[in-house]
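In order, the protein sequences belong to chains P and C. Count along the first sequence starting at 1, add 341, and that's the number in my numbering. Count along the second sequence starting at 1, add 995, and that's the number in my numbering. Positions of the beta carbon are idealized from the N, C-alpha and C atoms, including for glycine.
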Amino acid sequence: MKRNERVGENLNRALHDVMAAHDDTFLIGEDVLDPYGGAFNITKGLSDRFGDRVLTTPISENAILGIANGLALTGNKPIAEMMFGDFITLAFDQIVNFSAKSVAMYGRQHPMHLVVRCPVGGRRGYGPTHSQSPQKHFLGVPDLHLFELSPFHDNTAVLNGMIELGKPSIFFEDKVLYTERRHQEGLVADLFTLEFVGEGPFPTARLSIDGIGDPELVLIAPGGLAGRAVEAARELFLSHEIACAVYVPSALYPFDVSVLADPVARAGRVCVVEDAPPGGSWGAEVAHQLYSHCWQSLRAPVRLVHSADSVIPTALHLERDVVVSSRSVGSALRELVR
Amino acid sequence: MTITAQAPPELRALDDEDLESLLLVRHFERKLLDLFAAGKLNGTTHTCLGQEYVPVSLNPLLAEDDFVFSNHRGHGHYLARFADPAGLLAEITGREGAVCGGVGGSQHIFRGSYLSTGIQGESLPVAAGAALHFKRNELPLLAAVYIGDGTWGEGSVYEALNIAQLWELPLLVVVENNGISQTTPSAANMAGTVRGRAEAFGVGYHRVTTHDIHRIRAELAPEIERVRHQHQPLVVEFETVRLGPHSKGDDTRPAEVVERARQRDWYGGYRAADPERFDRHDHKVRELIDLVAADVLERPLVSGGVA
Ligand SMILES: Cc1ncc(C[n+]2csc(CCOP(=O)(O)OP(=O)(O)O)c2C)c(N)n1
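Quick look at the structure:
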């Protein structure tokens, strides 16, 4: 295993592994064939290797999900790719009204082995319609599961877990991660030890500072925010000697607060960060669960960090003011301990 | 509405099975309307009164494992395939024996390779996916989708037609063009024609103007075999009539338009073909439905939760 594999390479390898292991898996999306291999190269080599199990479609997001639904309905395991996460709105009906509802609306559990891959997030200068983080729009849909790509998790395990779930899943992939190096062992950012907590294929990554007993703060960040979260926590320790443990969950929804409840209760201070504007957000959902589980132990209100309440501008300097930065996370953390 | 007045068409007598299938749908839905009027049904229902011959004529042309996708107006599609009035009524009334545990109700049925859902146009791409599955596994099966004329307003229809033709999928689109969509006449809904739209994608098209089940089957059998074996998608448009309201009590059509639709009802036509035999079966099926309804309405309500 290459130590410095990029996250995108790891995800590509995961797709290869999963499609090799099961001949009822399909990859369906726009411009996914070789030699191009998808707008972010994540499907590279798949069509050369798996032939007609890789389906390139017209620009028809609704039909991509519809066909994936038809394949899942007839017992296959399709993986659908949205070229950019923003376009998933055009498939919203198929996902919410068909993929998810078909699991239970016919009076018995009907497995739907379906994964929707969804590149999200800004910081690439693609502007308002190609930079969104739409996770929040899919929260709270019965039988729909949400996951997020991280720089720590092994994607073969995650992808296998999603495809075996029997419930439709959306995999949100921060597109900046694709070209970053994956961390597996050793110190992260020269300071943090990486471990996994929780059972099953979707454990939560924990990054903690060696030799520190209980940290003063807990920071919860999904995969796309992990880098910025770690940077903020590192700066906080080096400049202010405040220890913060960072937790990076793989499963966003339904969200299992159990592995976090204890560390959060011991720290008494927690911050949840995400790359979406405020309002009906994932962070608010996590905060609600933390209040229910840790109310007695909290020493300060759960602190949420969002992007600004704004579209995501194209120009770099304007975008910088909107998306979450390690600096905005850092100042939220400092306020929290004050 | 541009339906012109016509004398009841000449129809050739049916065999007992087809006749009973037609009557089963007719009397089932009349019973539903009665139960509604008596306050014994919850929610809503969309009857296919006048359109029963469409699924009845298609039924023997479809294989048991062909995937049939139905819509909001699906009682006829279901009954023509399964002849199961008790299961369907139990589903609609949430009582024991319900085909989908009372969760789905009239519009959401899944049984074997039959599935209906209440979102217009949603099943076309799903059916394309099922058709792709059949083709890849070299099964001699097709996916059939029932839609109305109004559903041609949905973009999903075109995304699916394009892909079905590009990928040569065994997809059969059955259009029940009753000239109206809820309260909106076709003239206010559709520019051009269904034929023009199918042809724009190079998809095969066949128009059925008769109610004569023998003729319909003779016309469609070779066409459907081409869908099944040569993977040529096909749009079949039935020029049909909706006799009842869209759901219940929401018929905004002028009385004379409804009357003209009534004149085209198959019921009188098939009765005229063989009155004595027709009446005998009519009576028998009516009694059966009365018994089924009495039985189902006595049953306990289904318990909650999805097993
Ligand atoms: C996406 C969607 N929009 C609107 C509706 C509400 N609706 C149910 S049936 C119907 C009319 C459908 O007309 P048509 O396709 O002509 O079929 P018909 O009812 O005539 O059989 C409408 C608007 C719906 N079920 N789904």
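Worksheet item: Hey, would you say leucine 352 of chain P sits closer than 7 Å to isoleucine 383 of chain P, going by beta carbons?
Response: Against a cut-off of 7 Å, the Cβ pair of isoleucine 383 of chain P and leucine 352 of chain P comes out as a contact.
Practice prompt. Report all residues from its chain with a CB closer than 7 Å to the CB of alanine 1002 of chain C; omit the five preceding and five following residues, and keep chain order.
Written response: The pLDDT assigned to alanine 1002 of chain C is 47, lower than 50, so where the model puts this residue is not dependable, and the model offers no usable value.
Worksheet item: Going by DSSP, which residues form a beta bridge with phenylalanine 533 of chain P?
Response: Listed as beta-bridge partners of phenylalanine 533 of chain P by DSSP are P:Val529 and P:Ile550.
Discussion item. With a threshold of 7 Å between beta carbons, is serine 401 of chain P in contact with chain C?
Written reply: At least one chain C Cβ lies under 7 Å of serine 401 of chain P.
Fill in: Interface residues of chain C facing threonine 430 of chain P [CB-CB closer than 9 Å]
What threonine 430 of chain P touches in chain C: nothing, since even the nearest Cβ is about 13 Å away.
Worksheet item: Looking at C-beta atoms only, is the number of pairs between the stretch 1233 to 1246 of chain C and the stretch 1158 to 1177 of chain C that lie closer than 8 Å three or more?
Response: At 8 Å Cβ cutoff, the stretches touch.
Discussion item. Once the 5 residues before and after phenylalanine 578 of chain P are set aside, which same chain residues still bring their CB inside 8 Å of it?
Written reply: Apart from sequence neighbours up to five positions away, the residues of its chain that approach phenylalanine 578 of chain P with a beta-carbon distance below 8 Å are Leu532, Ile550, Ala584 and Cys585, ordered along the chain.
Worksheet entry | Beta carbon of serine 1052 of chain C nearer than 7 Å to that of serine 1111 of chain C | Not a contact, by the Cβ cut-off of 7 Å.
Discussion item. At a cut-off of 6 Å, would you count arginine 1259 of chain C as near ligand 1, judging by its Cβ distance to the nearest heavy atom?
Written reply: Arginine 1259 of chain C: no, Cβ never under 6 Å from ligand 1.
Discussion item. Can you confirm whether threonine 999 of chain C, when its beta carbon is compared against all beta carbons of chain P, has any partner nearer than 7 Å?
Written reply: Bear in mind that a pLDDT of 47 at threonine 999 of chain C, under 50, signals an unreliable position, so the number given afterwards is only what the model happens to contain. It does not; no Cβ of chain P falls within 7 Å.
Practice prompt. Report the residues of the stretch 446 to 477 of chain P with a CB closer than 8 Å to any CB of chain C, ordered along the chain.
Written response: Taking 8 Å as the Cβ-Cβ cut-off against chain C, the residues of the stretch 446 to 477 of chain P that qualify are Met446, Tyr447, Gly448, Arg449, Gln450 and His451.
Practice prompt. Can you pull the chain D residues whose beta carbon is under 7 Å from the beta carbon of phenylalanine 479 of chain P, in chain order?
Written response: Among the protein chains of the structure shown, namely P and C, there is no chain D.
Practice prompt. Tell me whether phenylalanine 578 of chain P sits in a helix, a strand or coil according to DSSP, three-state version.
Written response: Correct three-state label for phenylalanine 578 of chain P: helix.
Worksheet item: How long is the line joining the alpha carbons of glutamate 1015 of chain C and threonine 1204 of chain C, rounded to whole angstroms?
Response: Approximately 22 Å, taken between the alpha carbons.
Worksheet item: Who are the Cβ neighbours of alanine 530 of chain P in its own chain at under 6 Å, not counting the five residues just before and after it?
Response: Counting only Cβ-Cβ distances below 6 Å, and skipping sequence neighbours, we find Val571 and Arg575.
Worksheet item: Can you find a C-beta in chain C that's less than 7 Å from the C-beta of glycine 411 of chain P?
Response: For glycine 411 of chain P, the answer is yes, since a Cβ of chain C falls inside 7 Å of its Cβ.
Fill in: DSSP-derived helix/strand/coil call for aspartate 393 of chain P
If DSSP states are grouped into helix, strand and coil, aspartate 393 of chain P belongs with the helices.
Item to complete: With distances taken Cα to Cα, identify the nearest neighbour of phenylalanine 479 of chain P among P:Ala617, P:Val499 and P:Asp662.
Response: Taking phenylalanine 479 of chain P as reference, the option from P:Ala617, P:Val499 and P:Asp662 with the minimal CA-CA separation is P:Ala617.
Practice prompt. Kindly examine ligand 1 and report whether one of its heavy atoms sits closer than 6 Å to the Cβ of threonine 1146 of chain C.
Written response: Yes, ligand 1 has a heavy atom inside 6 Å of this Cβ.
Worksheet item: For leucine 1296 of chain C, which residues from the same chain have a beta carbon less than 7 Å from its beta carbon, with the 5 sequence-adjacent residues on both sides left out?
Response: Hits under 7 Å: Gly1089 and Arg1090.
Discussion item. Considering Cα atoms alone, identify which of C:Ala1267, C:Gly1263 and C:Leu1056 is closest to arginine 1221 of chain C.
Written reply: When only C-alpha atoms are compared, the closest one is C:Leu1056.
Worksheet entry | Whole-Å CB distance - glutamine 1160 of chain C paired with phenylalanine 1129 of chain C, under 8 Å assumed | With a Cβ gap of about 16 Å, glutamine 1160 of chain C and phenylalanine 1129 of chain C do not count as contacting.
Fill in: Between the CA atoms of proline 1165 of chain C and arginine 1131 of chain C - distance to the nearest angstrom
Here the alpha carbons of proline 1165 of chain C and arginine 1131 of chain C stand approximately 11 Å from one another.
Practice prompt. Could you tell me the boundaries of the alpha helix (DSSP H) in which aspartate 1274 of chain C lies?
Written response: Note, aspartate 1274 of chain C: alpha helix (DSSP H), 1270 to 1293.
Fill in: is_contact[glycine 1239 of chain C, chain P] using C-beta, thresh 7 Å
So, not an interface residue.
Practice prompt. With a threshold of 6 Å, establish whether the CB of asparagine 1173 of chain C neighbours any heavy atom of ligand 1.
Written response: True, at least one ligand heavy atom lies under 6 Å from that Cβ.
Discussion item. Using a Cβ-based criterion (distance less than 6 Å to any ligand heavy atom), does glutamine 947 of chain C qualify as near ligand 1?
Written reply: Chain C is shown from 996 up to 1302; residue 947 of chain C falls before or after that span and cannot be answered.
Worksheet item: Under 6 Å from any heavy atom of ligand 1, does the C-beta of glutamine 473 of chain P make it?
Response: Distance from the C-beta of glutamine 473 of chain P to the nearest heavy atom of ligand 1 is not below 6 Å.
Worksheet entry | Chain-order list of residues whose beta-carbon lies under 8 Å from that of valine 646 of chain P (same chain, five-residue window excluded) | Cys612, Val613, Val614, Glu615, Gly624, Val665, Ser669, Val670 and Ala673, listed in sequence order.
Worksheet item: Which whole-angstrom value is the C-beta distance of alanine 1262 of chain C and arginine 1025 of chain C, which I expect to be below 8 Å?
Response: Residue 1262 of chain C is actually tyrosine in this sequence, not alanine. The Cβ separation is near 11 Å, so there is no contact.
Worksheet item: Would you say glycine 1099 of chain C touches ligand 1, meaning its beta carbon is less than 6 Å from a heavy atom?
Response: For glycine 1099 of chain C, the shortest separation between its Cβ and any heavy atom of ligand 1 does not lie below 6 Å.
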